[in-house]
Amino acid sequence: MRLRYVHGQYEYLQQHEKAITEPEKRGYKLNEAFSNNNPIHVELGCGKGKFLRETALKNPGINYFGFEKSVKVAYRCAKCMFEEDPDNYFIVYSNGDILTEVFEPNSIERIYLNFSDPWPKPSHYKRRLTHRNFLEVYRKVLREGGEIHMKTDNNDLFEYSLQELKADGWEILMCTRDLHGSEFVKDNVMTEYEERFVQQGKKINKLAARRP
Ligand SMILES: C[S@@+](CC[C@H](N)C(=O)[O-])C[C@H]1O[C@@H](n2cnc3c(N)ncnc32)[C@H](O)[C@@H]1O
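In this note's numbering, the protein residues as written are 58 to 269.
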């Protein structure tokens, strides 16, 4: 469904307590957004933020950033983020390809890729968030032992991602092609897309991989 343009959505994001807009223009690293040294987890393409907010509320000792490149989606995400929530998360209106500009090297503990756009045409594979060019970016900002956690309903994207990760030397820590029929579902927090796909009876793939 196409989201409607709402007048003033960018200005709304600029003023929202839990939103950071265009961090690359601010001249500081996002690590400084928190006044503690808790581990940092990042979700790329957080959509309307269900996973981001619920995961942050569940884990007060971790700092979260959810990147969303669409202003319309980021606006809707911010609308569901409340000032009275704990201050361990931000929605970042920005493209996730700028991670090395906005984070200190070796400073992120985990990156979540939840139901990333599949980009099915081979000529568009470079846009996939698990393309080797993105893996190179993640290697730089993830700290030693840092992990990627990926979920998708798209089997082609999943197999491609496994291949890219293995070819780049990442250690596959877990992998399932049926998350909801597996033991790994225990601590799972559903995303908006995941809820929809599970209702449709689709199987969800999940993997976790450790930085080489
Ligand atoms: C298919 S939706 C999934 C949303 C959410 N993760 C979920 O599972 O419900 C993908 C979202 O990622 C965003 N996105 C895609 N590529 C991105 C990038 N490079 N940086 C930031 N956001 C991105 C899109 O705008 C879209 O809102």
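Just so you know, even glycine gets a beta-carbon here, dropped at the ideal spot from N, CA and C. Since this is a predicted model, take the numbers as computed values, not measurements.
In whole angstroms, what separates the C-alpha of residue i from that of residue j?
{"i": "residue 79", "j": "residue 150", "result": "6 angstroms"}
{"i": "residue 267", "j": "residue 64", "result": "42 angstroms"}
{"i": "residue 62", "j": "residue 192", "result": "33 angstroms"}
{"i": "residue 187", "j": "residue 93", "result": "30 angstroms"}
{"i": "residue 253", "j": "residue 215", "result": "18 angstroms"}
{"i": "residue 256", "j": "residue 237", "result": "11 angstroms"}
{"i": "residue 156", "j": "residue 134", "result": "20 angstroms"}
{"i": "residue 148", "j": "residue 77", "result": "6 angstroms"}
{"i": "residue 153", "j": "residue 185", "result": "11 angstroms"}
{"i": "residue 109", "j": "residue 241", "result": "19 angstroms"}
{"i": "residue 129", "j": "residue 70", "result": "10 angstroms"}
{"i": "residue 66", "j": "residue 91", "result": "25 angstroms"}
{"i": "residue 143", "j": "residue 95", "result": "14 angstroms"}
{"i": "residue 100", "j": "residue 179", "result": "25 angstroms"}
{"i": "residue 200", "j": "residue 98", "result": "11 angstroms"}
{"i": "residue 105", "j": "residue 195", "result": "23 angstroms"}
{"i": "residue 141", "j": "residue 59", "result": "30 angstroms"}
Assuming residue i is part of the beta strand (DSSP E), what are its boundary residues?
{"i": "residue 253", "result": "Element bounds for residue 253: not the beta strand (DSSP E) but the alpha helix (DSSP H), 249-256."}
{"i": "residue 204", "result": "199-209"}
{"i": "residue 68", "result": "Where residue 68 is concerned, there is no enclosing beta strand (DSSP E), although the alpha helix (DSSP H) it sits in stretches over 66-72."}
{"i": "residue 182", "result": "Premise fails: residue 182 is in no beta strand (DSSP E) and is neither H nor E."}
{"i": "residue 165", "result": "165-171"}
{"i": "residue 103", "result": "It is not in any beta strand (DSSP E) - residue 103 carries neither H nor E in the DSSP assignment."}
{"i": "residue 229", "result": "228-233"}
{"i": "residue 76", "result": "76-78"}
{"i": "residue 147", "result": "146-150"}
Following the continuous alpha helix (DSSP H) through residue i, name the residue where it begins and the one where it ends.
{"i": "residue 129", "result": "128-136"}
{"i": "residue 37", "result": "The structure shown does not extend to residue 37, since the chain is modelled only from 58 to 269, so the question has no answer here."}
{"i": "residue 216", "result": "212-224"}
Is residue i near ligand 2, with its Cβ less than 7 angstroms from a heavy atom?
{"i": "residue 126", "result": "Because ligand 2 does not appear in the structure shown, any question about it cannot be addressed here, the ligands present being ligand 1."}
Residue i by DSSP, collapsed to three states: which one?
{"i": "residue 85", "result": "coil"}
{"i": "residue 110", "result": "helix"}
{"i": "residue 238", "result": "helix"}
{"i": "residue 119", "result": "coil"}
{"i": "residue 60", "result": "coil"}
{"i": "residue 194", "result": "helix"}
{"i": "residue 268", "result": "coil"}
So does residue i have its beta carbon nearer than 7 angstroms to some heavy atom of ligand 1?
{"i": "residue 130", "result": "yes"}
{"i": "residue 103", "result": "yes"}
{"i": "residue 173", "result": "yes"}
{"i": "residue 153", "result": "yes"}
{"i": "residue 158", "result": "no"}
{"i": "residue 249", "result": "yes"}
{"i": "residue 186", "result": "yes"}
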